[in-house]
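A quick write-up on the structure given underneath.
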Amino acid sequence: MQVGSSSSVESVRQQVQAVWEDVLRYFELRREGQSGLSTGVDWLDAQGEPLPSYTPITGELLGTVNQPTPEQVEEVVSRAKEAFNVWRMIPAPKRGQLVREIADEVRRHKEQLARLVTLEMGKIIEEARGEVQEWIDMCDFAVGLSRQLYGLTMASEREHHRLYEQWHPLGVVAVITAFNFPVAVWSWNAMIALVCGDTVVWKPSSVTPFCALAVQQIVARVLRRWSLPEGVVNVVAGTSGAIGSVLVDSKDVPLVSFTGSISAGRKVAERVAARLGRTILELGGNNAAIVTPSANLDLALRAVVFAAVGTAGQRCTTLRRLILHESIYDTFVERLIKVYRQLRIGNPLEEGVHVGPLVGGEAVQTFLTAQEQLRAEGGRLLYGGEVLEGYPSRLYVRPAIGYAPAVCPITCEETFAPLLYVFRYREIEEAIALNNGVPQGLSSAIFSTDLREVELFLSAKGSDCGIANVNTGTSGAEIGGAFGGEKDTGGGREAGSDAWKAYMRRQTVTINWGESLPLAQGIRFDV
Ligand code: UN1
18 MQVGSSSSVE SVRQQVQAVW EDVLRYFELR REGQSGLSTG VDWLDAQGEP
68 LPSYTPITGE LLGTVNQPTP EQVEEVVSRA KEAFNVWRMI PAPKRGQLVR
118 EIADEVRRHK EQLARLVTLE MGKIIEEARG EVQEWIDMCD FAVGLSRQLY
168 GLTMASEREH HRLYEQWHPL GVVAVITAFN FPVAVWSWNA MIALVCGDTV
218 VWKPSSVTPF CALAVQQIVA RVLRRWSLPE GVVNVVAGTS GAIGSVLVDS
268 KDVPLVSFTG SISAGRKVAE RVAARLGRTI LELGGNNAAI VTPSANLDLA
318 LRAVVFAAVG TAGQRCTTLR RLILHESIYD TFVERLIKVY RQLRIGNPLE
368 EGVHVGPLVG GEAVQTFLTA QEQLRAEGGR LLYGGEVLEG YPSRLYVRPA
418 IGYAPAVCPI TCEETFAPLL YVFRYREIEE AIALNNGVPQ GLSSAIFSTD
468 LREVELFLSA KGSDCGIANV NTGTSGAEIG GAFGGEKDTG GGREAGSDAW
518 KAYMRRQTVT INWGESLPLA QGIRFDV
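Note that my numbering has the sequence shown beginning at 18, numbered continuously upward.
Structure, rendered in structure tokens:
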């Protein structure tokens, strides 16, 4: 894309329209009045207001999705509850087979789905491919897991007794996701929930409904081959208020997995807790990386740039705070700015572009306001920060680097945009204190070849985050690990490791196979 060239702006518009038509045809979706409601294979007649979806690439309207009414969402929940009665009795490895078939389908449609993600959300095509790959990886993980939903057997203290635990399906799982990972985050939850024997109701971000509907079309291809009742995999696309409320407040939804802002997550947590339901919360991050004098600086530089500007700074795991040792501070900042100058900002559909547009006007406003606040709090901008002229929408910004004094309210906030704050430190303890000195606790990284420093960072008095990386950036976690963070990030864990346990109910079983009745703790109670 040529900055300021109207002919290239026009050609981007044409490309967007061509790709959009192609994607619509491919996924058999309607541009206008596409239903945002499905309980499996077919589209249902959604009777709520139409929801518009725009592409950040040009700012133009893509199409509209008809939202379900709150009553229809209640209907979906009861259908999902009924379907659960059937799905939970299918052996887990067989449920895994369904997920394996989904994986086969996703592999086939990877490129088209990635193009839709780029169109609707604006991340660069390479990252969109990575996002769809996360879904595929999640499927593969879940298929293996479907044969490994292990419970422990414990040694009973009583004679002729067996003590063990087993894991049962939980019920209807509501998955409420954010715009920035319009496919992957649902898949972390849904693929696990499905092998665990749960049914899933998905409320995608109102900014990315078409991505969710294309996902549903892919899943529907598999569901068509299985004779399952409707209600196993459901989507209710629409705005958060009314639809989200039904899911959050329904007694028939034992688990709500929510990804989004800290303030929204807090409300979800309170409401679900009020009915004693469970939540998995994946809220804001405010991730830091410490670069120490012993680090491989070339490697650190590359990692920092990807983590800070990838997805235009709109990942929960985006690097927002860079903590540099004073001995390398000047050189590192200088080199960083040099790399920032070389970043290609532009049409995210174009191969080789590094930074696409922000998702919407509000995000741009937040980006600008944060810079003002930084100045007001004694910091200053070292590079970038402007909204770019001559682009097909007003959503393209130059990633920014700002210097921040150690204690500063704006750097305690998550600004969902490419705004990286740099800090200076002298002692490693001071750097760790800075890392931990924010309300959020998602991801963190240290760049060092000094064993003591690294182990300190990983120790109980080290990073307080859910993710702690060494010589790799804060973003781009593999699905095999449990994903999530502490403090205001919400404490939830999703995807790999034993995150599946939150999607099941644990049952502790004691079997007396003897002829007498010994009581635990040696209690005697003779009657
Ligand atoms: C998110 O931003 O909500 O670790 C998820 C990463 C990705 C997922 C981010 N695998 O950056």
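From the three backbone atoms N, C-alpha and C, an ideal C-beta is built for every residue, glycine too.
Sort the options by Cα distance to residue i and report the nearest one.
i      : options                        : result
PHE275 : VAL285, LYS268, ASP269, SER267 : VAL285
CYS213 : ASP269, GLU446, GLU128, LEU162 : LEU162
THR545 : ASN529, VAL326, LEU451         : Only positions 18 to 544 of the chain appear in this structure, which leaves residue 545 out of reach.
TRP219 : VAL253, VAL370, ALA485, LEU293 : VAL253
PRO108 : GLY508, TRP184, THR296         : TRP184
THR334 : THR466, PHE349, SER461, SER95  : SER461
GLN388 : GLU403, GLY378, GLU137, VAL376 : GLU403
SER25  : GLU532, GLU367, GLY479, VAL526 : GLU367
LEU399 : TYR413, GLU446, TRP60, ARG358  : ARG358
TYR438 : GLU470, VAL414, ARG397, ARG415 : ARG397
SER223 : VAL250, ARG361, GLY261         : GLY261
VAL350 : TYR420, VAL381, GLY294, LEU78  : TYR420
ALA329 : LEU353, ILE345, GLY377, GLN524 : GLY377
LEU353 : ASP315, THR386, ILE362, ARG332 : ASP315
LEU412 : ILE418, VAL381, PHE440, ALA393 : VAL381
VAL414 : ILE362, THR386, ARG238         : ILE362
ARG471 : ALA312, LYS140, ALA423         : The sequence shown places Val at residue 471, not Arg. Ranking the options by Cα distance to VAL471, first place goes to ALA312.
LEU473 : PRO199, ARG30, ILE445, GLY483  : ILE445
ARG112 : PHE44, LEU245, TRP60, GLY507   : LEU245
LEU68  : ASP62, VAL372, SER52, VAL202   : SER52
THR466 : GLN538, LEU385, TYR520, VAL308 : VAL308
ARG42  : HIS126, GLU532, THR72, ILE279  : HIS126
LEU78  : VAL90, LEU130, GLU137, GLN129  : GLU137
GLY294 : SER278, SER280, ALA281, LEU264 : LEU264
THR383 : HIS371, ILE427, VAL370         : ILE427
GLU503 : ASN453, GLU49, GLY248          : ASN453
ARG132 : PRO365, GLN233, LEU180         : PRO365
SER257 : VAL249, GLY277, GLN31, LEU534  : GLY277
ALA281 : THR225, VAL29, ILE193, LEU230  : ILE193
PRO271 : THR296, GLY255, ARG283         : THR296
SER344 : GLN31, PRO310, ARG242          : PRO310
LYS478 : GLN233, VAL200, ILE449         : ILE449
TRP60  : VAL93, GLU38, VAL33            : VAL93
Less than 8 angstroms between the CB of residue i and some heavy atom of the ligand UN1, yes or no?
i      : result
SER278 : no
VAL202 : yes
ILE297 : no
GLU151 : yes
ASN303 : no
ARG522 : no
ASN197 : yes
ARG337 : no
THR466 : no
ALA494 : yes
PHE500 : yes
CYS333 : yes
SER460 : yes
Under the assumption that residue i contacts residue j (Cβ atoms under 8 angstroms), give the Cβ distance between them as a whole number of angstroms.
i      : j      : result
ILE74  : PRO374 : 6 angstroms
ILE340 : ALA306 : 7 angstroms
ARG288 : ASP266 : 6 angstroms
ASN83  : GLY57  : That belief does not hold up - the Cβ atoms of ASN83 and GLY57 are roughly 18 angstroms apart, past 8 angstroms.
ASN486 : GLN331 : Their Cβ separation, rounded to whole angstroms, is 19 angstroms, which puts ASN486 and GLN331 out of contact at 8 angstroms.
LEU54  : PRO87  : That belief does not hold up - the Cβ atoms of LEU54 and PRO87 are roughly 12 angstroms apart, past 8 angstroms.
ALA97  : ASN206 : About 14 angstroms; that fails the 8 angstroms criterion.
VAL123 : TRP152 : 5 angstroms
LEU459 : ILE484 : 6 angstroms
ALA159 : ILE209 : 6 angstroms
Against chain B, does residue i count as a neighbour if the rule is that its beta carbon must be under 9 angstroms from one of theirs?
i      : result
ARG415 : Protein chain content of the structure displayed is limited to a single chain, and chain B is not contained in it.
Review point. Which ranges does the beta strand (DSSP E) cover as unbroken runs of at least 3 residues, wholly within the stretch 449-493, from first to last along the chain?
Key: 460-464, 484-487
**Study point:** Given 8 angstroms, three or more beta-carbon pairs between the stretch 300-312 and the stretch 392-410
**Key:** no
Review point. Between the stretch 303-323 and the stretch 477-496, do three or more beta carbon pairs fall short of 8 angstroms?
Key: yes
Review point. Does the stretch 180-192 come within contact of the stretch 493-500, defined as at least 3 CB pairs closer than 8 angstroms?
Key: no
Practice item. Could I get the ranges of all uninterrupted alpha helix (DSSP H) runs contained in the stretch 411-444, with 4 residues as the minimum, in chain order? Key: none
Practice item. Take every Cβ of the stretch 116-126, pair it with every Cβ of the stretch 176-183, and state whether three or more of those distances are shorter than 8 angstroms. Key: no
Practice item. Only counting runs of 4 or more residues, tell me where the alpha helix (DSSP H) segments fall wholly within the stretch 53-100, in order along the chain. Key: none
Check your understanding: Curious, which full-length alpha helix (DSSP H) runs of at least 4 residues does the stretch 216-260 contain?
Key -> 226-240
Check your understanding: Unbroken alpha helix (DSSP H) runs of length 4 or more, entirely within the stretch 132-188: which are they?
Key -> 142-162
Point to revise | Entirely enclosed alpha helix (DSSP H) segments - the stretch 341-390, minimum 4 residues | key: 343-359
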